[in-house]
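Oh and the sequence shown: position 154 is 1281 in this note's numbering, straight run, nothing missing.
Virtual Cβ for every residue (Gly too), placed ideally from N, Cα, C.
Inspection log for the structure reproduced underneath, given as structure tokens.
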Amino acid sequence: MKYTITTPLYYVNDKPHLGSSYTTIACDALARFQRLNGKSVLFLTGVDEHGQKIERTADGKKLDPQIHCDQITEKYMYLWDKLNISYDRFVRTTSPEHVSLVHQFYSKVLDSNDVYMGRQSGWYCVGCEEYKEVDSNDNNPICSTHKKELEWRDEENLFFKLSKYQEQIEQLIQIDGFISPKSRRNEIINFVSKGLRDFSISRVNLKWGINVPGNKDHTFYVWFDALLGYVSGSLFDQKSPELTDISLANWPASMHVIGKDILRFHAVYWPAMLISAGLSTPLSVFGHGFLTREGQKMGKSLGNVLDPIKLLEYGGIDAMRWYLLRDIEFGEDGDFQLRRFVDIVNSDLSNTIGNLLNRTITMSKKWFPDCIPIDNPSEIQSSLKELSEVKIKDYMSSFNSSNFKSAANSIIDFANSANLYLNDRAPWKLIKDISKKEVVAQDIYSVLESCRIIGVLLNPFVPDLSLRILNQLNIEAISITFENSLGWGLLNPKNELENPTPVMNKIEFNESLI
Ligand code: MSP
1128 MKYTITTPLY
1138 YVNDKPHLGS
1148 SYTTIACDAL
1158 ARFQRLNGKS
1168 VLFLTGVDEH
1178 GQKIERTADG
1188 KKLDPQIHCD
1198 QITEKYMYLW
1208 DKLNISYDRF
1218 VRTTSPEHVS
1228 LVHQFYSKVL
1238 DSNDVYMGRQ
1248 SGWYCVGCEE
1258 YKEVDSNDNN
1268 PICSTHKKEL
1278 EWRDEENLFF
1288 KLSKYQEQIE
1298 QLIQIDGFIS
1308 PKSRRNEIIN
1318 FVSKGLRDFS
1328 ISRVNLKWGI
1338 NVPGNKDHTF
1348 YVWFDALLGY
1358 VSGSLFDQKS
1368 PELTDISLAN
1378 WPASMHVIGK
1388 DILRFHAVYW
1398 PAMLISAGLS
1408 TPLSVFGHGF
1418 LTREGQKMGK
1428 SLGNVLDPIK
1438 LLEYGGIDAM
1448 RWYLLRDIEF
1458 GEDGDFQLRR
1468 FVDIVNSDLS
1478 NTIGNLLNRT
1488 ITMSKKWFPD
1498 CIPIDNPSEI
1508 QSSLKELSEV
1518 KIKDYMSSFN
1528 SSNFKSAANS
1538 IIDFANSANL
1548 YLNDRAPWKL
1558 IKDISKKEVV
1568 AQDIYSVLES
1578 CRIIGVLLNP
1588 FVPDLSLRIL
1598 NQLNIEAISI
1608 TFENSLGWGL
1618 LNPKNELENP
1628 TPVMNKIEFN
1638 ESLI
């Protein structure tokens, strides 16, 4: 079964920050989860390179816009690599393949008679690349997101007949699960109920964009260009993508993951454009919250960003991925706090999981140096076996509703229980009685088997740590799926365990490092 997931295509006005890393890490976790679920995943990410914002940034640096885009794009690719983002395709909106696709798409929209020339006047935010609704008495309006003055525009633009799709969009947004989380759905229902207005899809006096065929002074509005990146990325043959091949591609997207500020574009404008061009609409859109710092949205334009490279160097990839997914309620805003970051990572990954594995392997190697003397591991009756079934079920349903926090809690609860189990059973006491050796073997096996399951469940969150855990248990992780690895008793007691080394080092709190 196919599963296509996308991140937004990031503006290349500046290097990536923690907010953009957050969305991409979340998508990566979902992509990995679906792969482990046996789905054929297409994971798309990329960059949005056109428009006034980018043109001005390049101008400010006295750089050719393409050179500027190349430089920033490289930084995105570098960071995704460092964060072990398992994307399948990286879309660039300046690529010739994408440009060709935009032209093909536009011609379909023209065929549907959905484009006309009109006049657009209003207040524009270059940061958002969007016209804003402003109180008519306000002569000096400010963008609430970017805290910058809006610019007055009055120009001839091509318009897309969004209003024609009122009914279809109303029906679409009512579909259960189309917009998540539920709280954001009402906001869109409200917006649509006021009546959809046609929007302009071209700009004049803007060179840095894709030319509009037949209208030589116009370039496409950056959103009419960027959203199509999802389609160009989905087409198999990136060299010459043909819209007519869309039925062969991984389209429609199963889920667009985006921030709440661009939900309207994805849940309203985009589906209408797709319907107009005769393409299927995405199956779902998830609008997550903002990462804040000191309560303010972290953003390139606001200058309060946290450099993900610095955080990576400071805490490491597993720490960063774990903290963002485990501590912040996906869908809600979340404030980054270094103290919490350090505490959570040390407590969950080093203490609860790392120590559990370490001490259990140590005991196992000491008392059963050759192998754990067990014949039928799947038949061992242990409270951990039952608990694993419950926790796996919780984890699956949490992940299926993109609730990372709750999925992470299932893992930690399970690891806590395994620690308690060890403490209760106290094998270090039992082993002194030779007649109890069999019981000790069963207990040790049960805890190691729990560690194996924990290692598998951690994979979408922290793939590197997951591998280290499985390696210590001498398990080949490459061909793992949930189906072939979540049953009880699959750890071979004859596996020679690796010498225990801490799988997760503790982080020292040090504010000056980030
Ligand atoms: N280029 C458009 C998206 C086009 S998609 C076809 C864009 N780019 S952006 O770089 O400004 O933002 C990309 C994403 O990053 C958005 O989903 C936005 O919500 C998200 N974030 C920007 N700042 C963020 C935080 N501080 N926290 C979390 N996400 C943030 O919009």
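Worksheet item: Terminal residues of the continuous alpha helix (DSSP H) containing Y1572?
Response: Taking the sequence shown and counting its residues from 1, the one referred to as residue 1572 is at position 445. First-last of the alpha helix (DSSP H) with Y1572: 1564-1585.
Fill in: Every unbroken alpha helix (DSSP H) within the segment 1275-1321, with a cutoff of 4 residues, ordered by chain
1293-1301, 1309-1320
Discussion item. One question on the structure: do F1232 and L1289 come within less than 8 angstroms of each other, judged by their Cβ atoms?
Written reply: The residue given as residue 1232 occupies position 105 in the sequence shown. The residue given as residue 1289 occupies position 162 in the sequence shown. In this structure, L1289 does not lie closer than 8 angstroms to F1232 by Cβ.
Fill in: Beta-carbon proximity list for T1608, same chain, < 6 angstroms, skipping 5 on both sides
The sequence position of residue 1608 within the sequence shown is 481, counting from 1. Around T1608: L1163, G1165.
Worksheet item: Excluding sequence positions up to five away, which residues of its chain have a Cβ less than 6 angstroms from the Cβ of G1146?
Response: As a position in the sequence shown, residue 1146 is number 19, starting the count at 1. Excluding positions up to five away in sequence, the list reads L1418, M1425.
Discussion item. Need the endpoints of the beta strand (DSSP E) that Q1247 sits in, please.
Written reply: Within the sequence shown, residue 1247 is the residue found at index 120, counting from 1. Its beta strand (DSSP E) spans residues 1242-1252.
Worksheet item: Just reading off the alpha helix (DSSP H) that E1440 is part of, what are its end residues?
Response: One-based indexing of the sequence shown puts residue 1440 at position 313. Unbroken alpha helix (DSSP H) run through E1440: 1435-1442.
Discussion item. Helix, strand or coil, according to DSSP, for D1497 in the structure here?
Written reply: Looking up residue 1497 in the sequence shown gives position 370. Looking at D1497 - three-state DSSP - the assignment turns out to be coil, as it is neither helix nor strand.
Worksheet entry | Straight-line Cα distance separating Q1508 from V1218 | Sequence index remark: in the sequence shown, residue 1218 carries index 91 (1-based). Sequence index remark: in the sequence shown, residue 1508 carries index 381 (1-based). Computed Cα separation, rounded: 51 angstroms.
Worksheet item: In angstroms, rounded to a whole number, what distance separates the CA positions of E1638 and S1491?
Response: As a first step, residue 1638 must be located in the sequence shown, where it is residue number 511. As a first step, residue 1491 must be located in the sequence shown, where it is residue number 364. Computed Cα separation, rounded: 39 angstroms.
Discussion item. Which same chain residues end up closer than 8 angstroms to G1273 when comparing Cβ atoms and leaving out the 5 residues on each side of it in sequence?
Written reply: Position 146 of the sequence shown, counted from the start, is the residue given in the question as residue 1273. The sequence as given places His at residue 1273; Gly does not occur at that position. Excluding residues within five positions, the ones whose Cβ falls inside 8 angstroms are C1252, G1254, C1255, G1426, S1428, L1429.
Discussion item. Quick check: is any heavy atom of the ligand MSP less than 7 angstroms from the C-beta of T1150?
Written reply: Counted from its first residue, the sequence shown places residue 1150 at position 23. Flag set: Cβ of T1150 near the ligand MSP.
Practice prompt. Spatial neighbours of L1549 within its chain, please: CB distance less than 8 angstroms, with the 5 preceding and 5 following residues excluded, ordered by chain position.
Written response: Along the sequence shown, one-based indexing puts residue 1549 at 422. Only L1483, R1486, T1487, D1570, V1574 meet the Cβ criterion.
Worksheet item: Comparing the CB of G1430 with every heavy atom of the ligand MSP, is any distance shorter than 7 angstroms?
Response: Position 303 of the sequence shown holds residue 1430. Flag unset: Cβ of G1430 not near the ligand MSP.
Fill in: Distance, N1338 Cα to E1283 Cα
For the purposes of this step, residue 1283 is taken as residue 156 along the sequence shown, with counting starting at 1. For the purposes of this step, residue 1338 is taken as residue 211 along the sequence shown, with counting starting at 1. Rounded to whole angstroms, E1283 to N1338 spans 15 angstroms at the Cα level.
Worksheet item: Quick one: what's got a C-beta closer than 6 angstroms to L1401's C-beta in the same chain, skipping five residues either side?
Response: Mapped onto the sequence shown, residue 1401 falls at position 274. Contacts found: T1408.
Item to complete: Compare the C-alpha of L1323 against each of G1356, D1344, N1503, A1394 and name the closest.
Response: The count along the sequence shown starts at 1 and reaches residue 1323 at position 196. Nearest option by C-alpha distance: A1394.
Fill in: Test item: CB-CB of P1143 and Y1214 under 8 angstroms
Taking the first residue of the sequence shown as 1, we reach residue 1143 at position 16. Taking the first residue of the sequence shown as 1, we reach residue 1214 at position 87. No, these two residues do not count as a Cβ contact at 8 angstroms.
Discussion item. Which runs of the alpha helix (DSSP H) at least 4 residues long sit entirely within the segment 1344-1423? Give them in chain order.
Written reply: 1349-1353, 1356-1361, 1397-1403
Discussion item. Quick check: what's the CA-CA separation for T1200 versus Y1137?
Written reply: Counted from its first residue, the sequence shown places residue 1200 at position 73. Counted from its first residue, the sequence shown places residue 1137 at position 10. T1200 and Y1137: Cα-Cα distance of roughly 9 angstroms.
Worksheet item: Roughly how many angstroms lie between the CA atoms of R1216 and A1380, to the nearest whole one?
Response: Counting from one through the sequence shown, the residue named residue 1216 turns up at place 89. Counting from one through the sequence shown, the residue named residue 1380 turns up at place 253. Going by the C-alpha atoms only, they are around 14 angstroms apart.
Practice prompt. Please go through the same chain and pick out, in chain order, the residues whose beta-carbon is closer than 6 angstroms to the beta-carbon of E1459, but skip the five residues on each side of it.
Written response: Taking the first residue of the sequence shown as 1, we reach residue 1459 at position 332. Within the same chain, E1459 has close Cβ partners G1416.
Worksheet entry | Heavy atom of the ligand MSP within 7 angstroms of A1353 beta-carbon | As a first step, residue 1353 must be located in the sequence shown, where it is residue number 226. Yes, since a heavy atom of the ligand MSP falls inside the 7 angstroms radius drawn around the Cβ of A1353.
Worksheet entry | Backbone secondary structure at L1190 - three-state DSSP | Within the sequence shown, numbered from 1, the residue matching residue 1190 stands at position 63. Note: L1190 maps to coil in three-state DSSP.
Discussion item. Less than 7 angstroms between C-beta atoms, sequence neighbours within five positions excluded: which residues of the same chain meet that for L1228?
Written reply: What you label residue 1228 is simply residue 101 of the sequence shown in a count that begins at 1. If we look at L1228 and ignore the five residues flanking it on each side, its Cβ neighbours are L1355, V1358, S1359, P1368, L1370.
Worksheet item: Do you know offhand how far N1598's Cα is from F1541's?
Response: As a first step, residue 1598 is located in the sequence shown; it is residue number 471 there, counting from the start. As a first step, residue 1541 is located in the sequence shown; it is residue number 414 there, counting from the start. One C-alpha to the other measures close to 20 angstroms.
Discussion item. Bridge partners for R1219 per DSSP, in chain order?
Written reply: As a first step, residue 1219 is located in the sequence shown; it is residue number 92 there, counting from the start. In DSSP, R1219 forms a bridge with V1174.
Discussion item. One question on the structure: do F1531 and F1457 come within less than 8 angstroms of each other, judged by their Cβ atoms?
Written reply: As a working note, residue 1531 is residue 404 in the sequence shown. As a working note, residue 1457 is residue 330 in the sequence shown. Yes, Cβ-Cβ distance for F1531 and F1457 is below 8 angstroms.
Item to complete: Closer than 6 angstroms by C-beta to G1616: which residues in its own chain qualify, once you throw out the five before and the five after it? Chain order, please.
Response: As a position in the sequence shown, residue 1616 is number 489, starting the count at 1. Counting only Cβ-Cβ distances below 6 angstroms, and skipping sequence neighbours, we find P1504, S1505.
Worksheet item: Between W1378 and the rest of its own chain, which residues show a CB-CB distance below 6 angstroms, the 5 nearest in sequence each way excluded?
Response: As a position in the sequence shown, residue 1378 is number 251, starting the count at 1. The residues are S1361.
Discussion item. Could you check if I1385 belongs to the surroundings of the ligand MSP, using beta carbon to heavy atom distance under 7 angstroms?
Written reply: Locating residue 1385 in the sequence shown gives position 258, counting from the first residue. Result yes, Cβ under 7 angstroms from the ligand MSP.
Practice prompt. Determine the direct distance from the alpha carbon of S1310 to that of S1577, and round the result to whole angstroms.
Written response: In the sequence shown, the residue the question calls residue 1577 occupies position 450. In the sequence shown, the residue the question calls residue 1310 occupies position 183. The straight-line gap from Cα to Cα measures roughly 36 angstroms.
Practice prompt. Determine the closest residue to L1476 out of Y1522, G1582, Y1396, with distance taken between C-alpha atoms.
Written response: What you label residue 1476 is simply residue 349 of the sequence shown in a count that begins at 1. Ranking the options by Cα distance to L1476, first place goes to G1582.
Discussion item. Given a cut-off of 8 angstroms on the beta-carbon distance, is the pair V1331 and I1300 in contact?
Written reply: In the sequence shown, the residue the question calls residue 1331 occupies position 204. In the sequence shown, the residue the question calls residue 1300 occupies position 173. In this structure, I1300 does not lie closer than 8 angstroms to V1331 by Cβ.
Fill in: the ligand MSP heavy atom lying under 7 angstroms from the CB of I1389
What you label residue 1389 is simply residue 262 of the sequence shown in a count that begins at 1. At least one heavy atom of the ligand MSP is nearer than 7 angstroms to the Cβ of I1389, so yes.
Worksheet item: Is S1411 near S1307, with beta carbons less than 8 angstroms apart?
Response: Here residue 1411 refers to the residue found at position 284 of the sequence shown. Here residue 1307 refers to the residue found at position 180 of the sequence shown. Cβ atoms of S1411 and S1307: closer than 8 angstroms.
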